[in-house]
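Have a look at the structure below before the remarks.
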């Protein structure tokens, strides 16, 4: 099987989350940052969500967004996929005997 290693980014992304994307503790009012929204989830616009007129790899170009959020995260974790049409260096597959092989496990920790 031909596979690329993934999961090599050990950065704490919350430390780099732009203020406008920070999720502040909504349950206990602690004021702590507990997550980081994607630009799509936070702003729900066609260009950030790569839909409508921006729904192709040619039209969804993060370098033309009002703020290039994927670049922030790509600089920290270059191998990670950060938006719908991110570059192919962040797309990982395994091939087994000339076909896509479903015989691998992805573990999130």
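Numbering (the numbering used here), first residue to last: 34 to 142. Every residue, glycine too, gets a C-beta built ideally from N, C-alpha and C.
**Request:** Could you please give the first and the last residue of the uninterrupted beta strand (DSSP E) stretch that includes residue 69?
**Result:** 66-69
**Prompt:** Is there contact between the segment 113-120 and the segment 82-93, where contact requires at least three CB pairs shorter than 8 Å?
**Reply:** yes
**Prompt:** When you compare only the Cα positions, how much space is there between residue 79 and residue 104?
**Reply:** 18 Å
**Item:** Cβ shell of residue 100 (< 8 Å), same chain only, five flanking positions each side left out
**Value:** 51, 72
**Request:** Identify the continuous alpha helix (DSSP H) that holds residue 75 and give its terminal residues.
**Result:** 72-76
**Request:** Whole angstroms is fine: what's the gap from residue 62's alpha carbon to residue 54's?
**Result:** 17 Å
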